[in-house]
Amino acid sequence: MKKNLWLSLRFIWIICFGYFFILMIKITCQYIPFKSDVAFLQIKQTEISRIPFYYPIFYVHVYTAIFVLLAGFFQFSSVLLKKFPVTHRNIGKFYVLAVLFLSAPSGLFIGLFANGGLYSKISFVSLSILWFYFTVKGFTAIKNKNITAHKAFMLRSFALTFSAITLRFWKVILVYLFHPAPMDVYQIIAWLGWIPNLLIVEYYLYNQLKK
Numbered sequence: 001m002k003k004n005l006w007l008s009l010r011f012i013w014i015i016c017f018g019y020f021f022i023l024m025i026k027i028t029c030q031y032i033p034f035k036s037d038v039a040f041l042q043i044k045q046t047e048i049s050r051i052p053f054y055y056p057i058f059y060v061h062v063y064t065a066i067f068v069l070l071a072g073f074f075q076f077s078s079v080l081l082k083k084f085p086v087t088h089r090n091i092g093k094f095y096v097l098a099v100l101f102l103s104a105p106s107g108l109f110i111g112l113f114a115n116g117g118l119y120s121k122i123s124f125v126s127l128s129i130l131w132f133y134f135t136v137k138g139f140t141a142i143k144n145k146n147i148t149a150h151k152a153f154m155l156r157s158f159a160l161t162f163s164a165i166t167l168r169f170w171k172v173i174l175v176y177l178f179h180p181a182p183m184d185v186y187q188i189i190a191w192l193g194w195i196p197n198l199l200i201v202e203y204y205l206y207n208q209l210k211k
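The sequence shown: position 109 = 109 (full-length UniProt numbering), numbered continuously.
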């Protein structure tokens, strides 16, 4: 019974991830070729005109998100880990390097200028700092051959990586159901995009410790 439930949940997870990953690709394609007045950037013209490097750093964050999401997803494949351990390690190295040197720092920078005021800025800055921290801890854990800690911290890291998808998911839900003002939406999804992800992972890890 439990095995069937697990397989069903796994199948649903793969389908949902695939759907939203394709959605992320479509969103990313809006920013090809480089333009400063497309999609989200249409409401960030003040930042683009006044803040040095905002424009290129934004694009670093957008472009790396797709690859980091995909790399993180495959890292939790038991088949990849058991049958192709070298591939698992190489993808893991890419994930760590991309998060630590590109995705998290760029997220921190653009988070300082997030829409929605102070509450949104605090959320996105906190997200980027925790993302960096969890990824570092996951990397150092495996270097020290602490596999349990490595898995735990990389799960936390990917929970924050996955916020790229859940943030947009909650935005669609909130706008469809409640029609809030745009700035109210940003303040809510800034937190709703990653806090539930992290709570789910912590609940999972807590139950794993009890076994």
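Using N, Cα and C, we set each Cβ at its ideal position, and we do this for glycine too.
All values reported here derive from a predicted model rather than from experimental measurement.
One alpha carbon belongs to Q45, the other to P52, and they sit about 12 Å apart. The Cβ-Cβ distance between S123 and A164 does not fall below 7 Å.
With fewer than 16 neighbouring CB atoms inside 10 Å of its own CB, A181 falls in the exposed class. With a 10 Å radius around the Cβ and a threshold of 16 neighbouring Cβ atoms, L192 comes out buried.
One Cα belongs to R89, the other to F178, and the distance between them is close to 44 Å. Put simply, the segment 90 to 107 touches the segment 68 to 77. At least three CB pairs are less than 8 Å apart. Annotation: the segment 53 to 87 contains no complete segment of the beta strand (DSSP E) (minimum length 3 residues).
Residue environment for L118: exposed (fewer than 16 other C-beta atoms within 10 angstroms of its C-beta).
The residues F134, T135, G138, in chain order, have a CB closer than 6 Å to that of S157 in the same chain once the five nearest residues on each side in sequence are set aside.
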